[in-house]
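Enquirer:
Residue numbers (the numbering used here): 489 to 997.
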(Lines of atoms letter the chains of each structure in order from A and count residues from 1; the text may use other names and numbers.)
(Lines give C-alpha, C1' and ligand atoms only; values in the text may rest on other atoms or scores of the structure.)
Protein backbone atom coordinates (compact mmCIF):
# COMPACT_ATOMS: atom_id res chain seq x y z
CA UNK A 1 0.00 0.00 0.00
CA UNK A 2 1.23 3.51 -0.80
CA UNK A 3 2.37 5.33 2.33
CA UNK A 4 1.76 8.98 3.24
CA UNK A 5 3.10 10.55 6.42
CA UNK A 6 1.79 13.88 7.69
CA UNK A 7 4.02 15.57 10.27
CA UNK A 8 2.83 18.28 12.63
CA UNK A 9 3.10 19.47 16.26
CA UNK A 10 0.46 18.42 18.78
CA UNK A 11 1.32 20.98 21.45
CA UNK A 12 1.04 23.92 19.08
CA UNK A 13 -2.17 22.59 17.55
CA UNK A 14 -3.72 22.11 21.00
CA UNK A 15 -2.88 25.69 21.92
CA UNK A 16 -4.02 27.19 18.63
CA UNK A 17 -7.29 25.26 18.32
CA UNK A 18 -8.18 24.88 21.99
CA UNK A 19 -11.52 23.13 22.43
CA UNK A 20 -11.73 22.67 18.65
CA UNK A 21 -8.81 20.24 18.63
CA UNK A 22 -11.32 17.40 18.99
CA UNK A 23 -12.89 18.50 15.72
CA UNK A 24 -9.42 18.70 14.20
CA UNK A 25 -8.75 15.08 15.17
CA UNK A 26 -12.03 14.06 13.53
CA UNK A 27 -11.05 15.93 10.36
CA UNK A 28 -7.73 14.07 10.30
CA UNK A 29 -9.53 10.75 10.82
CA UNK A 30 -11.81 11.51 7.88
CA UNK A 31 -8.78 12.14 5.67
CA UNK A 32 -7.12 8.90 6.79
CA UNK A 33 -10.29 6.96 5.96
CA UNK A 34 -10.69 8.59 2.54
CA UNK A 35 -7.04 7.95 1.69
CA UNK A 36 -7.44 4.28 2.60
CA UNK A 37 -10.17 3.98 -0.02
CA UNK A 38 -7.65 5.35 -2.56
CA UNK A 39 -5.03 2.80 -1.56
CA UNK A 40 -3.01 5.24 0.54
CA UNK A 41 -2.02 4.38 4.11
CA UNK A 42 -1.90 7.76 5.87
CA UNK A 43 -0.37 8.30 9.30
CA UNK A 44 -0.43 11.55 11.30
CA UNK A 45 2.81 11.87 13.26
CA UNK A 46 3.02 14.42 16.06
CA UNK A 47 6.76 14.87 16.26
CA UNK A 48 6.55 16.44 19.74
CA UNK A 49 4.86 13.32 21.12
CA UNK A 50 6.97 11.04 23.34
CA UNK A 51 5.59 7.90 21.70
CA UNK A 52 6.68 9.16 18.27
CA UNK A 53 10.10 10.14 19.59
CA UNK A 54 10.69 6.69 21.09
CA UNK A 55 9.53 4.93 17.93
CA UNK A 56 11.91 6.89 15.69
CA UNK A 57 14.78 7.08 18.15
CA UNK A 58 15.23 10.79 18.79
CA UNK A 59 15.27 12.72 22.08
CA UNK A 60 12.44 15.22 22.51
CA UNK A 61 13.94 18.70 22.07
CA UNK A 62 12.93 21.52 24.37
CA UNK A 63 12.18 23.74 21.36
CA UNK A 64 10.81 22.58 18.01
CA UNK A 65 12.66 25.08 15.87
CA UNK A 66 13.96 24.70 12.31
CA UNK A 67 16.92 22.58 13.39
CA UNK A 68 14.82 20.16 15.42
CA UNK A 69 12.08 19.87 12.81
CA UNK A 70 14.50 19.23 9.95
CA UNK A 71 16.42 16.59 11.92
CA UNK A 72 13.27 14.80 13.06
CA UNK A 73 11.69 14.80 9.60
CA UNK A 74 14.90 13.22 8.29
CA UNK A 75 14.80 10.52 10.99
CA UNK A 76 11.20 9.67 10.14
CA UNK A 77 11.76 9.69 6.39
CA UNK A 78 14.81 7.45 6.54
CA UNK A 79 12.95 4.87 8.62
CA UNK A 80 9.63 4.92 6.74
CA UNK A 81 10.53 5.92 3.14
CA UNK A 82 6.99 7.16 2.46
CA UNK A 83 5.84 7.82 -1.08
CA UNK A 84 4.35 11.10 0.16
CA UNK A 85 5.45 13.43 2.96
CA UNK A 86 3.14 16.25 4.03
CA UNK A 87 3.52 19.02 6.57
CA UNK A 88 0.33 20.14 8.28
CA UNK A 89 0.09 23.77 9.34
CA UNK A 90 1.27 27.23 8.41
CA UNK A 91 4.57 28.62 9.66
CA UNK A 92 3.19 29.22 13.17
CA UNK A 93 2.59 25.47 13.50
CA UNK A 94 5.50 23.91 11.59
CA UNK A 95 8.41 26.17 10.59
CA UNK A 96 9.69 26.87 7.14
CA UNK A 97 13.45 26.46 6.97
CA UNK A 98 15.12 29.87 6.82
CA UNK A 99 17.92 29.80 4.24
CA UNK A 100 20.36 32.70 4.03
CA UNK A 101 19.79 34.87 0.96
CA UNK A 102 23.30 35.72 -0.21
CA UNK A 103 21.90 38.33 -2.61
CA UNK A 104 20.95 40.50 0.37
CA UNK A 105 23.23 43.35 1.42
CA UNK A 106 22.27 44.78 4.78
CA UNK A 107 21.52 48.50 4.45
CA UNK A 108 22.38 48.61 0.75
CA UNK A 109 20.01 50.36 -1.63
CA UNK A 110 18.83 48.33 -4.58
CA UNK A 111 19.82 44.93 -3.25
CA UNK A 112 17.41 42.05 -2.67
CA UNK A 113 15.65 42.91 0.63
CA UNK A 114 14.97 39.29 1.63
CA UNK A 115 17.44 38.44 4.37
CA UNK A 116 16.22 34.84 4.43
CA UNK A 117 14.36 32.51 2.07
CA UNK A 118 11.47 30.70 3.76
CA UNK A 119 11.69 27.23 2.29
CA UNK A 120 10.33 23.69 2.42
CA UNK A 121 13.11 22.52 0.06
CA UNK A 122 15.35 21.21 2.90
CA UNK A 123 12.58 18.84 4.00
CA UNK A 124 12.73 17.38 0.47
CA UNK A 125 16.46 16.62 0.69
CA UNK A 126 18.60 14.07 2.53
CA UNK A 127 21.26 16.69 3.32
CA UNK A 128 21.55 17.59 7.02
CA UNK A 129 20.34 20.87 8.49
CA UNK A 130 21.95 23.94 6.98
CA UNK A 131 21.03 27.54 6.23
CA UNK A 132 22.97 27.45 2.95
CA UNK A 133 21.00 27.00 -0.29
CA UNK A 134 23.94 25.14 -1.83
CA UNK A 135 23.32 22.26 0.56
CA UNK A 136 19.98 21.43 -1.02
CA UNK A 137 20.58 20.82 -4.72
CA UNK A 138 19.70 17.13 -4.22
CA UNK A 139 15.88 16.99 -3.85
CA UNK A 140 14.61 13.41 -3.68
CA UNK A 141 11.38 13.53 -1.64
CA UNK A 142 7.78 14.14 -2.69
CA UNK A 143 6.58 16.75 -0.22
CA UNK A 144 3.92 19.41 0.22
CA UNK A 145 2.43 21.58 2.94
CA UNK A 146 -1.26 21.45 3.88
CA UNK A 147 -1.61 24.89 5.48
CA UNK A 148 -4.03 26.29 7.97
CA UNK A 149 -4.41 30.05 8.46
CA UNK A 150 -1.53 31.51 10.47
CA UNK A 151 -2.20 33.60 13.57
CA UNK A 152 -0.48 36.72 14.85
CA UNK A 153 -0.19 34.98 18.20
CA UNK A 154 -1.05 31.52 19.42
CA UNK A 155 -3.67 32.45 21.96
CA UNK A 156 -5.74 29.45 22.87
CA UNK A 157 -8.55 28.68 20.49
CA UNK A 158 -7.92 31.31 17.80
CA UNK A 159 -7.29 28.78 15.01
CA UNK A 160 -9.81 28.78 12.15
CA UNK A 161 -11.16 25.23 12.29
CA UNK A 162 -13.63 25.85 9.46
CA UNK A 163 -10.81 26.75 7.09
CA UNK A 164 -9.08 23.47 7.92
CA UNK A 165 -12.32 21.54 7.51
CA UNK A 166 -12.89 23.10 4.09
CA UNK A 167 -9.47 22.35 2.62
CA UNK A 168 -9.38 18.80 4.02
CA UNK A 169 -12.88 18.18 2.66
CA UNK A 170 -11.60 19.31 -0.75
CA UNK A 171 -8.70 16.86 -0.51
CA UNK A 172 -11.14 14.08 0.36
CA UNK A 173 -13.42 15.01 -2.54
CA UNK A 174 -10.58 15.30 -5.08
CA UNK A 175 -11.14 13.42 -8.34
CA UNK A 176 -8.55 13.58 -11.16
CA UNK A 177 -9.81 15.43 -14.22
CA UNK A 178 -9.70 13.80 -17.62
CA UNK A 179 -6.79 15.32 -19.53
CA UNK A 180 -8.72 15.44 -22.79
CA UNK A 181 -11.39 17.56 -21.09
CA UNK A 182 -8.90 20.32 -20.20
CA UNK A 183 -9.05 22.56 -23.24
CA UNK A 184 -8.83 25.98 -21.58
CA UNK A 185 -6.89 27.79 -18.87
CA UNK A 186 -6.87 31.07 -16.98
CA UNK A 187 -3.77 33.24 -17.11
CA UNK A 188 -2.88 36.82 -16.28
CA UNK A 189 0.38 38.60 -17.05
CA UNK A 190 1.85 41.98 -16.29
CA UNK A 191 1.75 43.91 -19.55
CA UNK A 192 5.53 44.37 -19.53
CA UNK A 193 6.08 40.59 -19.45
CA UNK A 194 3.65 39.66 -22.22
CA UNK A 195 6.29 38.04 -24.41
CA UNK A 196 7.72 35.87 -21.65
CA UNK A 197 4.28 34.74 -20.48
CA UNK A 198 3.23 33.86 -24.02
CA UNK A 199 6.25 31.57 -24.33
CA UNK A 200 5.40 29.86 -21.03
CA UNK A 201 1.78 29.33 -22.03
CA UNK A 202 2.73 27.93 -25.43
CA UNK A 203 5.13 25.52 -23.74
CA UNK A 204 2.41 24.39 -21.31
CA UNK A 205 -0.80 24.51 -23.36
CA UNK A 206 0.33 24.87 -26.96
CA UNK A 207 -1.13 28.38 -27.29
CA UNK A 208 -1.37 31.74 -25.50
CA UNK A 209 -4.87 32.68 -26.69
CA UNK A 210 -6.40 33.02 -23.23
CA UNK A 211 -3.75 35.21 -21.60
CA UNK A 212 -5.03 38.45 -20.09
CA UNK A 213 -2.77 41.47 -19.78
CA UNK A 214 -2.73 43.74 -16.77
CA UNK A 215 -3.43 46.47 -17.62
CA UNK A 216 -5.97 46.72 -19.22
CA UNK A 217 -7.93 43.48 -19.13
CA UNK A 218 -9.22 43.15 -15.56
CA UNK A 219 -10.81 46.39 -14.42
CA UNK A 220 -14.13 44.70 -13.64
CA UNK A 221 -12.83 41.53 -12.00
CA UNK A 222 -13.38 38.10 -13.51
CA UNK A 223 -16.41 35.98 -14.30
CA UNK A 224 -17.06 32.40 -13.26
CA UNK A 225 -16.54 31.40 -16.88
CA UNK A 226 -13.11 33.04 -16.97
CA UNK A 227 -11.97 31.53 -13.66
CA UNK A 228 -13.62 28.17 -14.34
CA UNK A 229 -10.79 26.32 -16.15
CA UNK A 230 -8.68 24.07 -13.92
CA UNK A 231 -5.20 25.36 -14.87
CA UNK A 232 -4.31 28.86 -13.63
CA UNK A 233 -0.98 30.54 -14.44
CA UNK A 234 0.20 33.97 -13.27
CA UNK A 235 3.14 36.16 -14.21
CA UNK A 236 2.32 39.21 -12.10
CA UNK A 237 3.81 41.24 -9.28
CA UNK A 238 3.22 40.27 -5.68
CA UNK A 239 4.11 42.22 -2.56
CA UNK A 240 5.08 41.37 1.01
CA UNK A 241 2.07 41.24 3.36
CA UNK A 242 -0.28 42.41 0.59
CA UNK A 243 -3.23 40.33 -0.49
CA UNK A 244 -3.35 41.26 -4.19
CA UNK A 245 -1.36 40.51 -7.32
CA UNK A 246 -0.46 43.45 -9.57
CA UNK A 247 0.12 44.13 -13.25
CA UNK A 248 2.51 46.66 -14.74
CA UNK A 249 2.84 49.01 -17.66
CA UNK A 250 5.54 51.62 -17.35
CA UNK A 251 5.47 52.93 -13.78
CA UNK A 252 1.82 51.95 -13.23
CA UNK A 253 1.05 48.87 -11.08
CA UNK A 254 -2.73 48.28 -11.05
CA UNK A 255 -4.36 45.47 -9.09
CA UNK A 256 -4.70 42.42 -11.32
CA UNK A 257 -6.16 39.88 -8.90
CA UNK A 258 -7.75 40.25 -5.47
CA UNK A 259 -8.83 37.46 -3.11
CA UNK A 260 -12.41 38.67 -3.45
CA UNK A 261 -12.23 38.02 -7.22
CA UNK A 262 -11.96 34.28 -6.51
CA UNK A 263 -14.88 33.81 -4.16
CA UNK A 264 -17.24 31.15 -5.49
CA UNK A 265 -15.73 31.24 -8.98
CA UNK A 266 -12.92 28.67 -8.86
CA UNK A 267 -13.64 25.12 -10.02
CA UNK A 268 -12.99 22.24 -7.66
CA UNK A 269 -9.59 20.75 -8.42
CA UNK A 270 -8.02 23.88 -9.92
CA UNK A 271 -4.23 23.92 -9.92
CA UNK A 272 -2.30 27.18 -9.77
CA UNK A 273 1.26 28.22 -10.61
CA UNK A 274 2.25 31.80 -9.74
CA UNK A 275 5.59 33.38 -10.62
CA UNK A 276 4.79 36.40 -8.42
CA UNK A 277 6.98 37.71 -5.62
CA UNK A 278 5.57 36.40 -2.32
CA UNK A 279 2.90 34.56 -4.32
CA UNK A 280 2.61 31.68 -1.84
CA UNK A 281 2.86 33.74 1.35
CA UNK A 282 0.52 32.76 4.18
CA UNK A 283 -0.72 35.90 5.91
CA UNK A 284 -1.69 36.09 9.55
CA UNK A 285 -5.15 37.21 10.55
CA UNK A 286 -5.40 40.98 10.44
CA UNK A 287 -3.46 41.29 7.18
CA UNK A 288 -6.25 39.59 5.26
CA UNK A 289 -6.28 36.22 3.56
CA UNK A 290 -3.61 35.78 0.90
CA UNK A 291 -4.45 34.76 -2.65
CA UNK A 292 -2.84 31.36 -2.04
CA UNK A 293 -4.98 30.69 1.04
CA UNK A 294 -8.07 31.98 -0.77
CA UNK A 295 -7.53 29.61 -3.68
CA UNK A 296 -7.45 26.63 -1.31
CA UNK A 297 -10.57 27.90 0.47
CA UNK A 298 -12.28 28.04 -2.93
CA UNK A 299 -11.65 24.40 -3.81
CA UNK A 300 -8.27 24.55 -5.59
CA UNK A 301 -6.29 21.32 -5.35
CA UNK A 302 -2.85 22.91 -5.12
CA UNK A 303 -1.13 26.29 -5.23
CA UNK A 304 2.51 26.51 -6.30
CA UNK A 305 4.30 29.78 -5.64
CA UNK A 306 7.15 31.66 -4.00
CA UNK A 307 7.74 32.65 -0.40
CA UNK A 308 9.94 35.62 -1.26
CA UNK A 309 10.98 37.94 -4.11
CA UNK A 310 11.09 35.92 -7.32
CA UNK A 311 12.85 36.77 -10.57
CA UNK A 312 12.63 36.20 -14.28
CA UNK A 313 14.78 37.33 -17.20
CA UNK A 314 14.15 40.63 -18.92
CA UNK A 315 14.00 38.75 -22.24
CA UNK A 316 13.32 35.08 -22.88
CA UNK A 317 12.86 32.37 -20.25
CA UNK A 318 14.50 31.50 -16.96
CA UNK A 319 14.14 31.25 -13.18
CA UNK A 320 10.46 31.55 -12.12
CA UNK A 321 9.30 31.10 -15.74
CA UNK A 322 10.87 27.68 -15.92
CA UNK A 323 10.05 26.12 -12.57
CA UNK A 324 6.40 27.24 -12.78
CA UNK A 325 5.86 25.91 -16.28
CA UNK A 326 7.62 22.63 -15.50
CA UNK A 327 5.26 22.15 -12.54
CA UNK A 328 2.20 22.91 -14.67
CA UNK A 329 3.30 20.53 -17.42
CA UNK A 330 3.86 17.75 -14.90
CA UNK A 331 0.38 18.23 -13.42
CA UNK A 332 -1.18 18.09 -16.88
CA UNK A 333 0.73 14.87 -17.55
CA UNK A 334 -0.91 13.22 -14.55
CA UNK A 335 1.64 13.64 -11.76
CA UNK A 336 0.57 14.09 -8.17
CA UNK A 337 1.06 17.61 -6.86
CA UNK A 338 4.12 16.60 -4.84
CA UNK A 339 5.70 14.59 -7.62
CA UNK A 340 5.07 17.45 -10.06
CA UNK A 341 7.05 19.77 -7.79
CA UNK A 342 9.91 17.33 -7.26
CA UNK A 343 10.23 16.67 -10.99
CA UNK A 344 10.06 20.43 -11.68
CA UNK A 345 12.86 21.07 -9.19
CA UNK A 346 15.01 18.37 -10.75
CA UNK A 347 14.36 19.53 -14.30
CA UNK A 348 15.11 23.12 -13.29
CA UNK A 349 18.46 22.01 -11.87
CA UNK A 350 19.26 19.95 -14.97
CA UNK A 351 18.40 22.76 -17.39
CA UNK A 352 19.96 25.61 -15.39
CA UNK A 353 22.98 23.68 -14.11
CA UNK A 354 25.41 22.29 -13.52
CA UNK A 355 26.82 25.69 -12.53
CA UNK A 356 24.19 27.93 -10.94
CA UNK A 357 24.16 31.61 -10.18
CA UNK A 358 22.57 32.55 -6.87
CA UNK A 359 19.32 33.72 -8.45
CA UNK A 360 18.90 30.17 -9.72
CA UNK A 361 19.60 28.81 -6.24
CA UNK A 362 17.06 31.21 -4.74
CA UNK A 363 14.46 30.14 -7.29
CA UNK A 364 14.98 26.49 -6.38
CA UNK A 365 14.60 27.26 -2.67
CA UNK A 366 11.67 29.67 -2.68
CA UNK A 367 9.01 27.78 -4.67
CA UNK A 368 6.87 25.21 -2.86
CA UNK A 369 3.36 23.78 -2.98
CA UNK A 370 0.41 24.39 -0.69
CA UNK A 371 -1.88 21.39 -0.76
CA UNK A 372 -1.80 17.63 -0.31
CA UNK A 373 1.16 16.18 -2.27
CA UNK A 374 -0.71 12.94 -2.96
CA UNK A 375 -3.57 14.56 -4.90
CA UNK A 376 -3.61 14.05 -8.68
CA UNK A 377 -5.44 17.03 -10.22
CA UNK A 378 -5.30 15.39 -13.67
CA UNK A 379 -5.54 11.75 -14.65
CA UNK A 380 -2.56 10.39 -16.53
CA UNK A 381 -3.24 9.82 -20.21
CA UNK A 382 -0.77 6.92 -20.24
CA UNK A 383 -2.44 3.48 -20.31
CA UNK A 384 -2.29 1.81 -16.89
CA UNK A 385 -0.53 -1.25 -18.27
CA UNK A 386 2.28 1.04 -19.52
CA UNK A 387 2.71 2.99 -16.28
CA UNK A 388 5.57 2.13 -13.95
CA UNK A 389 4.74 1.50 -10.32
CA UNK A 390 4.86 4.38 -7.86
CA UNK A 391 7.83 2.77 -6.10
CA UNK A 392 9.72 2.57 -9.38
CA UNK A 393 8.94 6.23 -10.12
CA UNK A 394 10.16 7.22 -6.65
CA UNK A 395 13.36 5.24 -7.17
CA UNK A 396 14.01 7.07 -10.43
CA UNK A 397 13.37 10.48 -8.85
CA UNK A 398 15.61 9.59 -5.93
CA UNK A 399 18.45 8.56 -8.22
CA UNK A 400 18.12 11.79 -10.22
CA UNK A 401 18.19 13.90 -7.07
CA UNK A 402 21.26 12.16 -5.69
CA UNK A 403 23.09 12.57 -9.00
CA UNK A 404 22.22 16.28 -9.18
CA UNK A 405 23.60 16.83 -5.69
CA UNK A 406 26.88 15.18 -6.68
CA UNK A 407 27.39 17.19 -9.87
CA UNK A 408 26.35 20.74 -8.91
CA UNK A 409 29.14 22.76 -7.27
CA UNK A 410 28.63 25.39 -4.57
CA UNK A 411 28.27 29.05 -5.52
CA UNK A 412 29.27 31.23 -2.56
CA UNK A 413 29.43 34.96 -1.93
CA UNK A 414 32.98 36.29 -1.58
CA UNK A 415 32.43 40.07 -1.50
CA UNK A 416 29.93 42.93 -1.32
CA UNK A 417 30.39 46.50 -2.48
CA UNK A 418 28.39 49.65 -3.09
CA UNK A 419 27.59 51.79 -6.11
CA UNK A 420 29.50 50.82 -9.24
CA UNK A 421 29.20 51.06 -13.01
CA UNK A 422 29.34 47.54 -14.49
CA UNK A 423 30.62 48.97 -17.78
CA UNK A 424 33.80 50.02 -15.99
CA UNK A 425 34.37 46.53 -14.61
CA UNK A 426 33.40 44.88 -17.91
CA UNK A 427 33.94 47.12 -20.96
CA UNK A 428 32.65 44.31 -23.20
CA UNK A 429 29.14 45.13 -21.94
CA UNK A 430 29.08 48.64 -23.42
CA UNK A 431 27.53 47.60 -26.72
CA UNK A 432 25.35 44.88 -25.20
CA UNK A 433 23.31 46.31 -22.34
CA UNK A 434 22.02 49.61 -21.00
CA UNK A 435 22.00 49.03 -17.27
CA UNK A 436 23.43 52.25 -15.87
CA UNK A 437 25.00 52.53 -12.43
CA UNK A 438 24.33 49.69 -9.98
CA UNK A 439 23.51 50.53 -6.37
CA UNK A 440 25.14 47.37 -5.06
CA UNK A 441 27.46 44.65 -6.27
CA UNK A 442 28.01 41.13 -4.99
CA UNK A 443 30.60 38.68 -6.26
CA UNK A 444 30.03 34.92 -6.10
CA UNK A 445 32.62 32.24 -6.72
CA UNK A 446 32.02 28.66 -7.80
CA UNK A 447 33.70 26.05 -5.61
CA UNK A 448 37.13 25.22 -7.04
CA UNK A 449 36.57 21.56 -6.20
CA UNK A 450 34.53 21.49 -9.39
CA UNK A 451 37.78 21.82 -11.31
CA UNK A 452 39.13 18.63 -9.75
CA UNK A 453 36.39 16.26 -10.78
CA UNK A 454 36.41 14.11 -13.88
CA UNK A 455 33.84 16.13 -15.79
CA UNK A 456 35.75 19.37 -15.37
CA UNK A 457 39.20 18.04 -16.17
CA UNK A 458 38.36 15.62 -18.97
CA UNK A 459 35.22 16.98 -20.59
CA UNK A 460 35.59 20.74 -20.18
CA UNK A 461 39.43 20.57 -20.36
CA UNK A 462 39.80 22.82 -17.32
CA UNK A 463 43.15 22.69 -15.55
CA UNK A 464 43.57 21.45 -11.99
CA UNK A 465 45.65 24.50 -11.09
CA UNK A 466 42.55 26.55 -10.31
CA UNK A 467 42.85 29.01 -13.20
CA UNK A 468 39.40 27.85 -14.33
CA UNK A 469 37.92 29.89 -11.45
CA UNK A 470 34.32 30.84 -12.24
CA UNK A 471 32.75 33.95 -10.77
CA UNK A 472 29.40 35.70 -11.00
CA UNK A 473 29.35 39.47 -10.59
CA UNK A 474 25.85 40.51 -9.54
CA UNK A 475 24.90 44.16 -10.05
CA UNK A 476 21.61 45.23 -8.46
CA UNK A 477 19.50 48.37 -8.44
CA UNK A 478 15.88 49.34 -7.97
CA UNK A 479 13.34 50.32 -5.38
CA UNK A 480 10.49 49.08 -3.23
CA UNK A 481 7.32 51.13 -3.42
CA UNK A 482 5.11 52.00 -0.47
CA UNK A 483 2.70 49.38 -1.80
CA UNK A 484 5.37 46.74 -1.20
CA UNK A 485 5.87 46.07 -4.91
CA UNK A 486 9.54 45.53 -5.79
CA UNK A 487 11.04 46.96 -8.95
CA UNK A 488 14.50 45.39 -8.88
CA UNK A 489 16.82 45.10 -11.86
CA UNK A 490 19.77 42.73 -11.88
CA UNK A 491 22.74 42.25 -14.18
CA UNK A 492 24.68 39.01 -13.67
CA UNK A 493 28.06 38.79 -15.41
CA UNK A 494 29.86 35.47 -15.64
CA UNK A 495 33.62 35.26 -15.90
CA UNK A 496 36.09 32.38 -16.00
CA UNK A 497 39.79 32.77 -15.51
CA UNK A 498 39.19 36.56 -15.44
CA UNK A 499 37.66 36.39 -18.91
CA UNK A 500 34.17 37.73 -19.71
CA UNK A 501 31.92 34.77 -20.54
CA UNK A 502 28.46 36.31 -20.83
CA UNK A 503 25.68 38.02 -18.94
CA UNK A 504 22.03 37.77 -17.90
CA UNK A 505 19.48 40.40 -16.94
CA UNK A 506 16.80 39.63 -14.37
CA UNK A 507 13.74 41.51 -13.12
CA UNK A 508 11.88 41.01 -9.87
CA UNK A 509 8.41 39.55 -10.26
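Glycine included, every Cβ here is placed at the ideal spot set by N, Cα and C.
Residue 626 by DSSP, collapsed to three states: which one?
Expert: coil
Enquirer: Nearest to residue 931 by alpha carbon, out of 535, 599, 864?
Expert: 599
Enquirer: Excluding the 5 residues flanking residue 564 on each side, which residues of the same chain have their C-beta closer than 6 angstroms to its C-beta?
Expert: 544
Enquirer: From the DSSP output, in three-state form, read off residue 543 for me.
Expert: helix
Enquirer: Using DSSP's beta-bridge definition, name the partner residues of residue 632.
Expert: 574
Enquirer: Between which two residues does the alpha helix (DSSP H) containing residue 930 stretch?
Expert: Where residue 930 is concerned, there is no enclosing alpha helix (DSSP H), although the beta strand (DSSP E) it sits in stretches over 928–934.
Enquirer: What's the gap between the Cα of residue 676 and the Cα of residue 762?
Expert: 10 angstroms
Enquirer: Please list the segments of the beta strand (DSSP E) lying wholly inside the region 783–843, counting only runs of 3 or more residues, in order along the chain.
Expert: 790–794, 799–801
Enquirer: Under the three-state reduction of DSSP, which class applies to residue 498: helix, strand or coil?
Expert: helix
Enquirer: Beta carbon of residue 927, beta carbon of residue 906: below 9 angstroms?
Expert: yes
Enquirer: Which residue's Cα is closest to the Cα of residue 724: 718, 700, 989?
Expert: 700
Enquirer: Give me the DSSP bridge partner(s) of residue 743.
Expert: Partner(s): 734.
Enquirer: What's the C-alpha gap between residue 739 and residue 680?
Expert: 10 angstroms
Enquirer: Could you compute how far the alpha carbon of residue 569 sits from the alpha carbon of residue 495?
Expert: Note on geometry: alpha-carbon atoms of residue 569 and residue 495 lie some 14 angstroms from one another.
Enquirer: Does residue 550 have its Cβ less than 9 angstroms from a Cβ in chain D?
Expert: Annotation note: the requested chain D is absent from the structure, which comprises a single protein chain.
Enquirer: Using a threshold of 9 angstroms, state whether the C-beta atoms of residue 971 and residue 772 are closer than that.
Expert: no
Enquirer: If you count every other CB in all the chains shown that lies within 10 Å of the CB of residue 920, and 16 or more means buried, which is it?
Expert: exposed
Enquirer: Would you please state the rounded distance, in angstroms, between the beta carbons of residue 755 and residue 787? I believe it to be under 8 angstroms.
Expert: Confirmed, Cβ separation roughly 7 angstroms.
Enquirer: Just how far apart, CA to CA, sit residue 884 and residue 892?
Expert: 12 angstroms
Enquirer: Give the secondary structure of residue 526 by DSSP, where H, G and I count as helix, E and B as strand, and everything else as coil.
Expert: coil
Enquirer: Going by DSSP, what residues sit across from residue 492 in a beta bridge?
Expert: In DSSP, residue 492 forms a bridge with 530, 572.
Enquirer: Please list, in chain order, all residues of the same chain as residue 774 whose beta carbon is under 8 angstroms from its beta carbon, the five residues on each side excluded.
Expert: 640
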